[in-house]
Amino acid sequence: MYELRPLHPELSLDPRALMQTPRYCKHQKLGGGDCIHFSICESLDFAMQNSVLSRNIATASLQLNIDGLTLFKSSSLQLWPTLGRWVWSNSAD
């Protein structure tokens with residue numbers, strides 16, 4: 001971002017501003033912990049609206065990975081992140 005700033009002074013130095021990353025995540029209490037949910041539909045809409053390739057996409061696949069881990073050895077706190085990735089293809093394979 002710093003390299004582009006001299007050419008485009010209107011650009012923010014913070015990538016969160018460029019990608020319009022929300023500053024707050026809604027969460028709910030669930031089973032003695034907190035659950036934070038990011039919508040797959042919102043993610044897909046955002047990707048399609050902001051993708052240069054959005055007009056030429058023939059197929060889209062979603063790859064998911066869920067893995068739990070204990071945060072501290074002396075604690076029962078756990079984190080179960082769900083990581084996702086959109087894979088786009090221009091040809092119908």
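The sequence shown begins at 1 in the working numbering and counts up one residue at a time.
Glycine included, C-beta positions come from ideal geometry on N, C-alpha and C.
ask   = What residue from L11, E10, L30, C25 has the CA that sits closest to Q78's CA?
value = Here residue 78 corresponds to residue number 78 of the sequence shown, with the count starting at 1. Considering only alpha carbons, the answer is L30.
key: Runs of alpha helix (DSSP H) lying entirely within the region 10-68, each at least 4 residues, in chain order   = Entirely contained in the region 10-68, the alpha helix (DSSP H) runs reaching 4 residues are, in chain order, 15-18, 40-49.
query = What residue range is occupied by the uninterrupted beta strand (DSSP E) comprising R85?
reply = Within the sequence shown, the letter at position 85 stands for residue 85. In the DSSP annotation of this structure, the continuous segment of the beta strand (DSSP E) that includes R85 starts and ends at 82-89.
request  = Measure the beta-carbon distance from W80 to I57 and round it to whole angstroms, keeping in mind my assumption that it falls under 8 Å.
outcome  = As a position in the sequence shown, residue 80 is number 80, starting the count at 1. As a position in the sequence shown, residue 57 is number 57, starting the count at 1. With 8 Å as the limit, W80 and I57 do not qualify as a contact, their Cβ atoms being about 30 Å apart.
task = Going by DSSP, name the residue or residues bridged to L71.
result = For the purposes of this step, residue 71 is identified with residue 71 of the sequence shown, where counting begins at 1. Looking at the DSSP output, L71 shares a beta bridge with no other residue.
key: For L4, the three-state DSSP class (helix, strand or coil)   = As a first step, residue 4 must be located in the sequence shown, where it is residue number 4. Reduced to three states, the DSSP call for L4 is coil.
key: L77 in three-state terms, based on DSSP   = Translated into the one-based positions of the sequence shown, residue 77 becomes position 77. Assignment of L77 by DSSP, reduced to helix, strand and coil, places it in the coil class.
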